[in-house]
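Residue numbers (the numbering used here), protein chains in the order written: chain A, 547 to 822; chain B, 547 to 822. A virtual CB, placed ideally from N, CA and C, is assigned to each residue, including glycine. What follows is a single structure, written as structure tokens, with notes after it.
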């Protein structure tokens, strides 16, 4: 492998490397080590604590899939919260959605927001939308102070280490249940079924113990470990698989379609086994 | 990254690395450089010319998905051919199928078969099935000599370089059409929509120009570049999406299900765009 390669730090015995032209930025923020690189194949890339967060080439997959499954399951997702997601990609998809009236981003690390505004304008553009409010504060505190307020809550976190550990805990999920309205929907990114089996098992049982409807869905994300990424959805009333696909609005996507909305819930048998 | 890591050679600016305990075998065969390693997370791994072919942890995905979509689309897949696939994984899935009477493997490199029998008995076990005939010969020659013979043909090739170049050409696909019966089905592995866009575009147009029905489907394969892998299917009569899922036999799979059979054809918009 000639030239400059960035290799992701990985505990699980598998690592992704991307060939890079240059490192554009690095800083130790109050919460994590933040890097921005310009890669050959995936364009600009944001890395936090050695884990790839997003790249220009594949960011649309994660940002559409964490947002649109819940937004298009809920019949009137007017008030939406994102915990984490300081890059603004999920907020961009939410702000585009015709039913959304207010979107709130609660990000603990302002350096992520600043880096995204400077280096990823195509991702962070939604942060400037008039429907969007950006709060720099602890998501756990925000959830604890919110009761029956939101239609949809997304937890767009880093891996369960460092500042994100508390975002994978039962008590936090119970707080999210309470912060949702009586027909609210919750989605969290929940890592890879090939590499973090125990995490997915535990999170899914937590969701099941709290929400009347708990399901897992999948998306292809090439710059996340294994490329198979899971999202867990907890819903008080609406079944994400029962959505009337004819009513899904076209929000100019590149990955998500009404057919993908349903197909993402068709789980390989070994993934079904994790949820038993 | 401490310890021994095996990094796949990759032209496309992205590489996968797996932590390994030891290298069990390496040899320069008449056709390619063959390595067997014992990795920490994915178990034993077969590598050809620096490209990961299969690992114990994820081999079931590729082998089920290259085989079962065609086998369960065809109402009576009695006579099946695999070109390449010397590890025996596809043949294992084919030999398990209740409708199959005869399965032929045509592999150009006997060293792949030998290495699989020695180091991957769980994958190569199908090679010993009484329904299976193994021929060490050039798949291109075998196809040219076969007319109207097979119900299903699978091309389980390496990447389009070295010995596999001729397996991605229009003339070879026309030969496969002629080697199939009047209602035959052809499936080839066709690389990643994130990394080999031009290859997929070209192959799909070739399939479309030869077969009445041409479609692409996807599977999650963590040890292949990007983790999103495509298969292209050409069919003379039967539409793989029109299959009656109630009639699909249970062949003790770990990835494939009747729901996955249909969901694998739900393509992200950026993949649909490659096929236009």
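Against residue 586(B), the close residues of chain A are 558, 559 and 560, in the order they occur along the chain (beta-carbon pairs closer than 9 Å). Secondary structure of residue 553(B) (DSSP, three-state): strand.
Leaving aside the five residues that flank residue 745(B) on each side, the residues in its chain whose CB is nearer than 6 Å to its CB run, in chain order, 737. Against chain B, the CB of residue 805(A) has a partner CB under 8 Å away; the residue lies at that interface. Take residue 561(A), set aside five residues on each side of it, and the residues of its chain with a beta-carbon closer than 6 Å to its own are 553 and 554, in chain order. Interface residue (Cβ-Cβ distance to chain B less than 8 Å): residue 816(A) is classified as such. Unbroken beta strand (DSSP E) runs of no fewer than 3 residues, entirely contained in the region 716–749 of chain A, are found at 726–735, following chain order. Along the region 772–783 of chain B, the positions whose C-beta sits under 7 Å from a C-beta of chain A are 772, 773 and 774, read in chain order. For chain B, the residues of the region 710–741 of chain A that bring a beta carbon within less than 9 Å of one of its beta carbons are 738, 739, 740 and 741, in chain order. Between residue 635(A) and residue 605(A) a beta carbon distance of about 5 Å is seen, short of the 8 Å cut, so the two are scored as contacting. Around the CB of residue 622(B), fewer than 16 other CB atoms lie within 10 Å, so the residue is classed as exposed.
Between the alpha carbons of residue 804(B) and residue 583(B) lies a gap of roughly 34 Å. In the DSSP secondary-structure assignment, residue 761(A) is bridged to 779(A). Residue 627(B) has its alpha-carbon roughly 5 Å from the corresponding atom of residue 650(B). In this structure, 747(A) is the residue among 661(A), 708(A) and 747(A) with its C-alpha nearest to the C-alpha of residue 716(A).
Around residue 707(A), the same chain offers 595 as residues with beta carbons nearer than 8 Å, after the five sequence neighbours per side are excluded. For residue 604(A), the chain B residues whose Cβ falls inside 9 Å of its Cβ are 740 and 772, in order along the chain. By the beta-carbon neighbour count (other beta carbons within 10 angstroms, threshold 16), residue 769(A) is buried.
Contact of residue 788(A) with chain B is not assigned, every C-beta pair being separated by 8 Å or more. Residue 571(B) sits in a strand when the DSSP states are folded into three classes.
Interface with chain B (8 Å Cβ-Cβ cutoff): residue 795(A) is excluded. The alpha-carbon of residue 750(B) is positioned some 33 Å away from that of residue 671(B). Between residue 613(B) and residue 633(B), the CB-CB gap reaches or exceeds 8 Å.
Contact check for residue 743(A) against residue 820(A) passes: the beta carbons are separated by less than 8 Å.
Per DSSP, the continuous alpha helix (DSSP H) segment holding residue 690(B) begins and ends at 685–690.
Residue 703(B) carries a coil assignment under DSSP once its states are collapsed to helix, strand and coil.
Going by C-alpha positions, residue 578(A) is about 16 Å away from residue 685(A). Against chain A, a Cβ distance below 9 Å from residue 613(B) picks out nothing, because the smallest value is about 15 Å.
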